[in-house]
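Residue numbers (the UniProt record's numbering): 1 to 591.
Glycine residues also receive a C-beta, built at the ideal position from the N, C-alpha and C atoms.
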């Protein structure tokens with residue numbers, strides 16, 4: 001049985017003491033008082049532990065089955081999905097006009113983290129629906145919103161995003177799916193899409209597919225791509241379900257992990273669809289969903305690691321092997337628990353310091369989205385645009401690495417299916433790949449986001465880090481945070497200057513270092529978060545907080561990250577400054 005317990009205490013610390021959301025000047029945040037957010041988090045934590053976590057292994061072992069054209073989900077998923085709907089968890093931050101609760105996105109992310117940690121595959125059914133809801137909410141007509149959103153908010157109807165084709169992944173300009181205009185204003189959609197998560201299942205009455213396709217007159221490449229709403233069942237004028245549309249499941253993909261989620265090959269055979277947004281501007285509408293999805297996938301990276309870490313801690317405290325090198329710590333037993341051994345503690349500290357830093361980073365990113373949307377803050381919008389590839393790429397890379405470390409704590413037992421560690425590792429792996437593989441995230445960061453608006457946003461980030469460091473001048477207790485952060489930020493700026501000085505004359509010099517830059521920036525972002533968390537912890541201790549162990553543990557964990565993880569920035573800078581030659585000089589036929 002899983003040992004998952006939602007870390008609501010740390011979430012509450014991030015929301016209320018780090019981000020201070022109840023004091024923020026963002027519409028809707030004034031209602032986010034500590035007692036309220038604590039109640040929401042505790043309720044979600046209970047659902048995670050009691051409803052979702054027990055089904056995680058079930059989903060992994062049973063998987064989904066395609067029967068007579070219908071996908072059947074694992075045993076118990078239907079009742080759990082009904083419980084999620086009944087509890088209103090699918091509608092937390094959705095528009096009240098369509099039945100949502102209108103809460104901030106940052107609170108939805110906190111709740112989503114728990115659901116992913118407990119059962120990633122299950123949560124994807126509602127998570128993808130939320131992305132499709134957002135795209136229709138932003139780009140749909142009033143009729144489209146009225147037709148689809150109320151049912152999608154409740155997850156009576158679920159949603160998908162259809163981009164990838166068998167011959168066409170990242171390069172969507174190669175797309176072959178066609179959209180032929182019809183006399184009634186609809187389009188006939190024909191083509192095949194692959195890797196469609198939650199493409200079909202038995203959890204909802206209807207599935208609303210958002211499909212990228214090429215309509216006539218759009219030209220070559222992505223400029224000719226449009227986005228269409230293609231429901232599994234057509235919707236009658238009175239809102240009832242009509243006949244089956246021309247969309248079907250070709251097969252279920254056999255995958256390494258997330259077995260509980262139905263990943264489908266979808267065939268569109270003249271299916272009736274309706275344009276969403278402007279003709280030939282489908283990428284703009286799709287990226288509404290993609291940007292939200294990328295933050296959600298970054299969250300998946302560390303959330304799965306959280307579940308794995310909790311298992312590793314419990315095992316390390318229970319498993320007895322050897323003696324502490326300084327003398328027996330459990331002399332009444334035949335051996336000490338393995339948590340006494342420095343290398344096991346190293347692995348656990350790597351995990352804990354990453355997960356808590358990643359949580360703060362992701363919640364901060366969600367807070368920026370709230371600020372940009374609810375307060376129309378252009379600076380916040382620019383900053384989260386810059387941070388999105390870092391959140392997605394860095395947190396999923398490190399999240400997978402963290403899950404592997406948690407598995408390592410178990411030794412040989414971690415490699416067997418008698419324990420849940422194999423599933424954590426297999427589930428975490430996909431997050432590095434989908435919603436734009438991490439190499440693409442790095443190229444997006446270096447090739448587009450750094451120069452966006454004349455470099456305004458990355459310069460604002462450097463100034464933010466500088467101001468944070470300066471604000472702690474004279475506080476000796478903060479030195480262990482400020483000095484490493486200063487050094488890491490300087491290394492990040494040096495890397496940026498290298499790209500500026502070399503990238504124009506040799507673009508490969510920048511692109512060869514893009515992955516290292518993404519990781520370098522990720523470490524600086526977590527260093528910034530740990531510096532801010534350290535100050536919040538010290539403030540709490542100075543204010544006479546009763547739970548001194550929590551805040552002292554927070555400081556100890558942060559000092560570990562600054563001392564043991566931030567030095568990786570120097571390595572990443574050295575790789576970047578080596579330029580393109582080490583990467584590019586080997587001839588193709590020498591591989």
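- Looking at the DSSP output, residue 269 bridges to 190.
- For residue 446, no alpha helix (DSSP H) segment is defined, and its DSSP state is neither H nor E.
- In this structure the region 74 to 92 touches the region 33 to 51; the number of beta carbon pairs closer than 8 Å is three or more.
- Nearest neighbour of residue 409 by Cα position, chosen from 290, 318, 471, turns out to be 318.
- Here the C-alpha atom of residue 555 lies approximately 46 Å from the C-alpha atom of residue 264.
- Secondary structure of residue 502 (DSSP, three-state): helix.
- With a cutoff of 9 Å on beta-carbon distance, residue 357 and residue 561 are scored as near each other.
- By the criterion of a C-beta distance shorter than 8 Å, residue 430 is surrounded in its chain by 255, 256, 257, 258, once the five residues flanking it on both sides are discounted.
- Beta-bridge pairing by DSSP links residue 248 to 267.
- Per DSSP, residue 181 is one residue of the beta strand (DSSP E) stretching across 178 to 181.
- DSSP places residue 157 in the strand class (E or B) of the three-state scheme.
- For residue 206, the enclosing beta strand (DSSP E) covers residues 206 to 214.
- DSSP places residue 371 in the uninterrupted alpha helix (DSSP H) bounded by 342 to 374.
- Shown here, residue 226 sits in a strand according to DSSP, grouped into three states.
- In this structure, residue 71 sits near residue 262, with a CB-CB distance shorter than 9 Å.
- In terms of CA proximity to residue 306, 405 leads the group 405, 565, 454.
- In this structure, the beta-carbon distance from residue 395 to residue 384 does not fall below 9 Å.
- Cα atoms of residue 537 and residue 309: separation of roughly 23 Å, rounded to the nearest angstrom.
- Residue 330 and residue 76 have their C-alpha atoms spaced approximately 42 Å apart.
- Annotation: residue 209 to residue 151 spans about 14 Å, alpha carbon to alpha carbon.
- Residue 65 sits in a strand when the DSSP states are folded into three classes.
- Ranked by how close their Cα comes to the Cα of residue 460, the residues 381, 423, 407, 419 have 381 in first place.
- Two segments are said to touch when three or more pairs of C-beta atoms, one from each, lie closer than 8 Å; by this definition the region 88 to 106 does not touch the region 336 to 346.
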